[in-house]
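The numbering of the sequence shown is the working numbering, which starts it at 2 and goes up by one. Using N, Cα and C, we set each Cβ at its ideal position, and we do this for glycine too. On a predicted model such as this, the values are computed, not experimentally measured, just so you know. What follows is a single structure, written as structure tokens, with notes after it.
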Amino acid sequence: MEKEDPYIPYKYELIDEETVQIYFPEEYFFPAFLDTIDIIKKESFYPRIKHIILDLRECKYPHGIGFSSEIQDCYIDAKAENKKVYWVGSLKMHQVLENLVAKYYDEFIPFYSSIEEIKK
């Protein structure tokens, strides 16, 4: 089986009228996440979006501080647009990445262990 090109934008889908879910692959590569965000912002549905789920359950290799700051910048930008961003995936990875950027930000993207937990 051919390995997917890690530099292409990530898969995403609308899971309801106000929520888009972005699927991170096993290995994170710059600038695929940023390209994905740019593509989503150009979609006709984007103004309706209130929730952005970053699905990191499959992501095992995040590549450090660049990854942390890109996700954090997405969180801050979305918050400025009255949108909520959620991290779904590994708590340990979330904690490590939060520690990498803690001195630069007052808050970090919230962690959820599952999509069902967000809906509560």
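- Nearest C-alpha to D36 among S45, K51, V21 and K12: K12.
- Contact between V86 and I110 holds, with the beta-carbon distance rounding to 6 angstroms and staying under 8 angstroms.
- A103 counts as exposed, since fewer than 16 other C-beta atoms from the protein chains shown sit within 10 angstroms of its C-beta.
- Where K12 is concerned, the enclosing beta strand (DSSP E) starts and stops at K12 to D17.
- According to DSSP, K85 shares a beta bridge with H52.
- Within the model, the alpha-carbon separation for S69 versus I116 is close to 21 angstroms.
- Under DSSP, V21 takes part in a beta bridge, and its partners are L15 and I53.
- If you check the CB distance, V21 and I50 come in under 7 angstroms.
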